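Structure record follows, encoded as structure tokens.
Protein chains: 2
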Amino acid sequence: MPPAVPEAPAAPAARATPEAPGDGAEAADILRRTRAVVDPELRAALETLPGPMRRVALYHFGWQEADGRQASGGAGKALRPALVLAAAAALGGPAARGGAVRAAVAVELVHNFTLLHDDVMDRDASRRHRPTAWTVFGDADAILAGDALLALALRLLAEDPHPASAAAAARLADCVVELCAGQHADTSLERRGPADVGLAEVLAMAEAKTGALIGCACAVGALYAGASARDVEALDAFGREAGLAFQLIDDVIGIWGDPSRTGKPAGADLAARKKSLPVVAALASGTPAAAELAALYETPYDKEDLNGTALAVERAGGRDWAQTEAADRMARAVQALSRAIPEPESAEGLLALAEFVTRRST
Amino acid sequence: MPPAVPEAPAAPAARATPEAPGDGAEAADILRRTRAVVDPELRAALETLPGPMRRVALYHFGWQEADGRQASGGAGKALRPALVLAAAAALGGPAARGGAVRAAVAVELVHNFTLLHDDVMDRDASRRHRPTAWTVFGDADAILAGDALLALALRLLAEDPHPASAAAAARLADCVVELCAGQHADTSLERRGPADVGLAEVLAMAEAKTGALIGCACAVGALYAGASARDVEALDAFGREAGLAFQLIDDVIGIWGDPSRTGKPAGADLAARKKSLPVVAALASGTPAAAELAALYETPYDKEDLNGTALAVERAGGRDWAQTEAADRMARAVQALSRAIPEPESAEGLLALAEFVTRRST
Chain A
1 MPPAVPEAPA APAARATPEA PGDGAEAADI LRRTRAVVDP ELRAALETLP
51 GPMRRVALYH FGWQEADGRQ ASGGAGKALR PALVLAAAAA LGGPAARGGA
101 VRAAVAVELV HNFTLLHDDV MDRDASRRHR PTAWTVFGDA DAILAGDALL
151 ALALRLLAED PHPASAAAAA RLADCVVELC AGQHADTSLE RRGPADVGLA
201 EVLAMAEAKT GALIGCACAV GALYAGASAR DVEALDAFGR EAGLAFQLID
251 DVIGIWGDPS RTGKPAGADL AARKKSLPVV AALASGTPAA AELAALYETP
301 YDKEDLNGTA LAVERAGGRD WAQTEAADRM ARAVQALSRA IPEPESAEGL
351 LALAEFVTRR ST
Chain B
1 MPPAVPEAPA APAARATPEA PGDGAEAADI LRRTRAVVDP ELRAALETLP
51 GPMRRVALYH FGWQEADGRQ ASGGAGKALR PALVLAAAAA LGGPAARGGA
101 VRAAVAVELV HNFTLLHDDV MDRDASRRHR PTAWTVFGDA DAILAGDALL
151 ALALRLLAED PHPASAAAAA RLADCVVELC AGQHADTSLE RRGPADVGLA
201 EVLAMAEAKT GALIGCACAV GALYAGASAR DVEALDAFGR EAGLAFQLID
251 DVIGIWGDPS RTGKPAGADL AARKKSLPVV AALASGTPAA AELAALYETP
301 YDKEDLNGTA LAVERAGGRD WAQTEAADRM ARAVQALSRA IPEPESAEGL
351 LALAEFVTRR ST
């Protein structure tokens, strides 16, 4: 199966284009090293939770089965904590990276708070190849576990004596509000008919829902490196654009991805009539395939239609648009990064992570 | 209707007993003055929220109708922010009180975060004489508005340059986790049969669900006054015990209260078969009335039974127990307070507030 990578943009983002060498080994190594330092702190933080919340959290992170037996992980990629640490290292060296571990854990806790709550609201039944927490423990326990993870994240920062911790907490809390706005926009978009959803608002929703926290992760890392306000904002912009690229590719995978890799049934997003980015771009294309897709989206899901629906998105240009837009966002991300970190070797880790998440194969 | 006040305990809590003079005018005055300084900051904080969350929050606080028209308030008693300010004043004088307004707003935001989420989980349809937010805006928007209020609370503290803000944020975040545990215990108790619920665990649940935040409010005020760790803990203990007294009286009101004052239908707690403190005490009494009550609680609610159910709780001693226990808790609260604040005149405001909430008439 071909990799779902963006087409090469006519942009200066040499490292971000798919022809750039690199098989993701560097990113995989960074993610592995991130888990090695983040997991012990993360688990120690979760251990402080009262029993019922701990049980749901450990299940959600893939460390426990629903009955409390040990499970073998699957706690996600740890992309956001890796970005915190990579940003700290890029701007402040190994010492800054070492000092930012607690902040990295806080960002990962916030990410997982949103997953727990979003799954309740969206009635999503599957996450990381397992039944979602609310399907196992009920809505109330999943909401409470999410609340507890958010509180835990901000407690970690409040207790962190690092001079940047208060600024990081303010930024992270602000980001949570933006994530909520993004999730609200998402649920409200999903309630509307396919003709009533514009591409600009779906892009804005994706920026709030996905870009904001990835940007915040990078900005928090910069804060922990003692970076200037200008550099913190540049890192935020880098993360936001890379996050949007990530979401675009994620949406492509949500339609054409391999269920054994995505952890979701094939074509789940189409079956749920989700107005993901490639779908909305296709609907807005004014092509005959767009009209066909709109008609399909007006009717409930029929298993027979799945391939036809995916084909309509593709023929209406949704797939190409998403891949080109992802490449464009990556180019902007690289540009923002170079404002704060002109030396390519210092930016390597961050670029490797950004490339990695936008190069995942379908 | 007689006031639902505790019987006089054989305890040193002279000020906390119902015979003590005072008609609540002092507390009402403190609450009014609290609203005057807290409301502008609270509204300014809510104005920073993105539109959809702001709309739900302003509705929940009673400042807007569902359609956005201005409403005339009903934002609750502001007990918790009043306790923050009263504790700061008691231990640090007027300057400490003035510096603690933002912390008072943060505590009030956390309280309202729990109300929004708890109403979703408990499917409560009415709050402060109005339909609850989830019944008006749906579950997702109520959950998101709650999330946003929690984040806003901790952002306010993270941005507060006061030297106590980080310690207060850590304490408040920790309290949120305890509130979640309390809410979990509550929902899990409600799912069990009346015979399977013990008095000790219902008291522990009430302490986590209600006492914890009232204690935290007092402790945060003490932190903002620069109090010693010992005094901060004493203030926490004062608030916890007073909070439990408050919950006991609130549960009495939930059975025998006047709907026009409680904002809930008459006997709502009995109709919902809620295992409130007087009910569990009655069930545990081993009296014939207890068996009668257990039988009633095993069957679904019948309008005709309402007076009979209330009478069974009373005959089984549930009402008397709750009032005596409330008086006992108030005595302990006063004792804890006197450890930190031996001078009666300094403790006046806190005592007036504690008395006020446990003296509300049925």
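Protein chains in written order, with UniProt numbering: chain A, 1 to 362; chain B, 1 to 362. A virtual CB, placed ideally from N, CA and C, is assigned to each residue, including glycine. For clarity, every value in this text was computed on a predicted model and none was experimentally measured.
Item: Start and end residues, alpha helix (DSSP H) containing Ala35 of chain A; Value: Correcting the residue identity first, residue 35 of chain A is Arg in this sequence and not Ala. First-last of the alpha helix (DSSP H) with Arg35 of chain A: 25–47.
Item: Closest Cα partner of His111 of chain B within the set B:Ala87, B:Leu150, B:Pro265; Value: B:Leu150
Item: Neighbourhood of Leu316 of chain B by C-beta, 7 Å cutoff - its chain only, sequence neighbours within 5 removed; Value: Residue 316 of chain B is actually Ala in this sequence, not Leu. Cβ within range, chain order: Ala282, Ser285, Thr287, Ala289, Ala290, Leu293.
Item: From A:Ala310, A:Ile143, A:Ala272, residue whose alpha carbon lies closest to that of Val177 of chain B; Value: A:Ile143
Item: Under 9 Å between C-beta atoms of Leu42 of chain A and Asp231 of chain A; Value: no
Item: Stretch-stretch touch, CB-based, cutoff 8 Å, three pairs: the region 214–224 of chain A with the region 252–260 of chain A; Value: no
Item: Residues sharing a beta bridge with Ser126 of chain A, DSSP; Value: A:Pro131
Item: Closer than 9 Å to chain A by CB, Cys180 of chain B; Value: yes
Item: Exposed unless 16 or more other CB atoms sit within 10 angstroms - verdict on His117 of chain A; Value: buried
Item: Residues of the region 173–207 of chain A whose Cβ lies closer than 7 Å to any Cβ of chain B, in chain order; Value: Ala173, Asp174, Val176, Val177, Cys180, Ala181, Gln183, His184, Thr187
Item: Member of B:Thr135, B:Ala245, B:Leu350 whose CA lies at the smallest distance from the CA of Thr324 of chain B; Value: B:Ala245
Item: 7 Å Cβ cut-off: residues of chain B touching His117 of chain A; Value: Ile143, Asp147
Item: Three CB pairs or more closer than 8 Å across the region 160–174 of chain B and the region 202–209 of chain B; Value: no
Item: Distance CB(Asn152 of chain A)-CB(Leu58 of chain A) smaller than 9 Å; Value: The displayed chain sequence assigns Leu, not Asn, to residue 152 of chain A. Cβ distance not < 9 Å, so Leu152 of chain A and Leu58 of chain A don't count as in contact.
Item: Rounded C-alpha distance that separates Asp174 of chain B from Pro50 of chain A; Value: 11 Å
Item: Within chain B, partners of Ala170 of chain A - CB distance below 8 Å; Value: Arg155, Ala158, Glu159
Item: Assumed close pair Lys275 of chain A, Pro194 of chain A - CB separation to whole angstroms, cut-off 8 Å; Value: 7 Å
Item: Closest by C-alpha distance to Phe192 of chain A, when choosing among A:Gly308, A:Pro342, A:Val280, A:Arg32; Value: Correcting the residue type first, residue 192 of chain A is Arg in the shown sequence and not Phe. Measuring from the Cα of Arg192 of chain A, the nearest candidate turns out to be A:Val280.
Item: Contacts that Met53 of chain B makes with chain A (C-beta to C-beta distance below 8 Å); Value: Val177, Cys180, Ala181, His184
Item: 7 Å Cβ cut-off: residues of chain B touching Ala245 of chain A; Value: Within chain B, no residue comes near Ala245 of chain A; the closest Cβ sits about 24 Å away, beyond 7 Å.
Item: Residues that DSSP places opposite Gln323 of chain B in a beta bridge; Value: Paired residue(s): none; Gln323 of chain B is not in a bridge.
Item: Segment contact flag, the region 233–243 of chain B with the region 113–129 of chain B, C-beta cutoff 8 Å, min 3 pairs; Value: no
Item: Pairwise C-alpha distance: Val313 of chain B and Asp269 of chain B; Value: 12 Å
Item: Interface flag, Asp305 of chain A vs chain B, CB-CB below 9 Å; Value: no
Item: Sheet register partners of Gln183 of chain A (DSSP bridge); Value: DSSP lists no partner for Gln183 of chain A.
Item: According to DSSP, residues forming a beta bridge with Gln70 of chain B; Value: B:Gln64
Item: Beta-carbon separation (whole angstroms), Ala271 of chain B vs Leu306 of chain B, contact threshold 8 Å; Value: 7 Å
Item: Per-residue DSSP class, three states only, for Gly99 of chain B; Value: helix
Item: Inter-residue Cα distance where the pair is Gln70 of chain A and Gln335 of chain B; Value: 46 Å
Item: Pro21 of chain B classed as buried or exposed, judged by whether at least 16 other C-beta atoms fall within 10 angstroms; Value: Reliability fails at Pro21 of chain B, whose pLDDT of 40 lies under 50, so the model's placement of it is uncertain and the value that follows must be treated cautiously. Flag for Pro21 of chain B reads exposed.
Item: 9 Å Cβ cutoff, Thr17 of chain A in contact with chain B; Value: Only weak support exists for where Thr17 of chain A lies, its pLDDT of 41 falling under 50; the value from the coordinates is given anyway. Taking Cβ atoms only, chain B never reaches closer than 9 Å to Thr17 of chain A, which makes this a no.
Item: Test: Pro50 of chain A CB closer than 9 Å to a CB of chain B; Value: yes
Item: C-beta contact flag for Phe137 of chain A and Ala66 of chain A at 9 Å; Value: yes
Item: Where the alpha helix (DSSP H) through Pro278 of chain A begins and ends; Value: 277–283
Item: Cβ-based contacts, 9 Å cut-off: residues of the region 119–138 of chain A near chain B; Value: Val120, Met121, Asp122, Gly138
Item: Where Gly317 of chain B sits in the DSSP three-state scheme; Value: coil
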